[in-house]
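K.L.:
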Amino acid sequence: MKPETKENGKIRFSTQSIFHFKCHSSLPCFTQCCRDVNIFLTPYDLLRLRQALKLSSGEFLRKHTIHYLAGAGQIPVVQLAMDPETLYCKLVTDEGCSVYEDRPWACRMYPLDLVMREGEYTLIIGKERCLGLLEKSSMPVNEWLDGQGVQPYVLMEQAFQSVMPPGYDPAKAGSAGIGKILFLAYDLDRFAGLLQDSKVRSFYEIDDELLRRVEEDKELLLRLAFQYIRNQLEELLEHP
1342 MKPETKENGK IRFSTQSIFH FKCHSSLPCF TQCCRDVNIF LTPYDLLRLR
1392 QALKLSSGEF LRKHTIHYLA GAGQIPVVQL AMDPETLYCK LVTDEGCSVY
1442 EDRPWACRMY PLDLVMREGE YTLIIGKERC LGLLEKSSMP VNEWLDGQGV
1492 QPYVLMEQAF QSVMPPGYDP AKAGSAGIGK ILFLAYDLDR FAGLLQDSKV
1542 RSFYEIDDEL LRRVEEDKEL LLRLAFQYIR NQLEELLEHP
């Protein structure tokens, strides 16, 4: 197996690198990674979480997130809200994550973090704070990620990133309308409401069968939202 390497003082792992890690409730640091931390959510994260909690997208956004439009490009930023008194994630208990099967992408990756080069990872935290890194249990990075169910999150985020039209530069000043359109991917129930308009369905060729399917399959609804968002962005950027 390919060993880890160092770059600018930081360890870099490939998918084949072996790393040591095991998290369990006997560790003194158990759930400390869920306290006073920025956990940024993807649209797919939010969909999985709000379904697990049986909340509408709007309810989840209000109760469990901090969200805003950032920078000149007005890109939506959505992150899990911490409890104002304890600073813990509102979804964590003494026993661990209450939505573990539907936990966000970032939580599944932990203690690994993505780097700019595809297929490379680094540690988001040191051994002095994450005692699980001192455990004897070891595995290749790719096996760890597979075991954490990361792949569906990666694929859905790639689909979301593809909604940006070619040549769009989020660093440049843009219309607030761009952010509002992108935010539909997070507030999926609001997008579903748009589909009740017969003119929208006709324009995007959404027949009764597809409408029935997206009502039953929210992941399919999210992918349809991505298509709608891309079309709307292309129109907005072409006719600002």
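Just so we're aligned, residue 1342 is where the sequence shown starts under the working numbering, counting upward by one.
All residues carry an ideal CB built from backbone N, CA and C; glycine is no exception.
Would DSSP call G1508 helix, strand or coil?
P.N.:
Correct three-state label for G1508: coil.
K.L.:
Tell me the DSSP bridge mates of D1454?
P.N.:
In DSSP, D1454 forms a bridge with T1463.
K.L.:
Please classify Y1441 as buried or exposed, where buried requires at least 16 neighbouring CB atoms within 10 angstroms.
P.N.:
Per the 10 Å Cβ criterion, exposed.
K.L.:
How about K1446 and Y1494: are their beta carbons less than 8 angstroms apart?
P.N.:
The sequence given here places Trp at residue 1446; Lys does not occur at that position. A contact, by the Cβ cut-off of 8 angstroms.
K.L.:
Please classify M1497 as buried or exposed, where buried requires at least 16 neighbouring CB atoms within 10 angstroms.
P.N.:
The residue in question, M1497, is buried, as its Cβ has 16 or more Cβ neighbours within 10 Å.
K.L.:
Starting from F1360, trace the beta strand (DSSP E) in both directions and tell me its first and last residue.
P.N.:
Segment I1359 to H1361, the beta strand (DSSP E) holding F1360.
K.L.:
Per DSSP, what kind of secondary structure is F1501 in: helix, strand or coil?
P.N.:
Looking at F1501 - three-state DSSP - the assignment turns out to be helix.
K.L.:
Since F1567 and V1491 are thought to touch, with beta carbons under 8 angstroms apart, how far apart are those beta carbons, to the nearest angstrom?
P.N.:
Actually they are not in contact, since the Cβ atoms of F1567 and V1491 sit about 20 angstroms apart, beyond 8 angstroms.
K.L.:
Following the continuous beta strand (DSSP E) through Q1420, name the residue where it begins and the one where it ends.
P.N.:
Unbroken beta strand (DSSP E) run through Q1420: I1416 to L1421.
K.L.:
Tell me, please, which residues DSSP counts as bridged to A1411.
P.N.:
According to DSSP, which records beta bridges pairwise, A1411 is partnered with I1416.
K.L.:
Just curious, the alpha helix (DSSP H) that I1570 is in, first and last residue?
P.N.:
Its alpha helix (DSSP H) spans residues K1559 to E1579.
K.L.:
Assuming F1401 contacts L1390 (C-beta within less than 8 angstroms), just tell me the rounded distance between them.
P.N.:
Contact holds; Cβ gap of about 6 angstroms.
K.L.:
Exposed or buried, which one is P1452 when buried takes at least 16 other CB atoms within 10 Å?
P.N.:
Result: buried.
K.L.:
Taking all protein chains shown into account, do 16 or more other C-beta atoms lie within 10 angstroms of the C-beta of C1458, making it buried, or fewer, making it exposed?
P.N.:
The residue asked about is misnamed: residue 1458 is Arg in this sequence, not Cys. Exposed, because fewer than 16 other Cβ atoms sit within 10 Å of the Cβ of R1458.
K.L.:
Please return the same chain residues whose Cβ sits closer than 7 angstroms to the Cβ of Q1573, not counting the five positions on each side in sequence.
P.N.:
Cβ within range, chain order: I1522.
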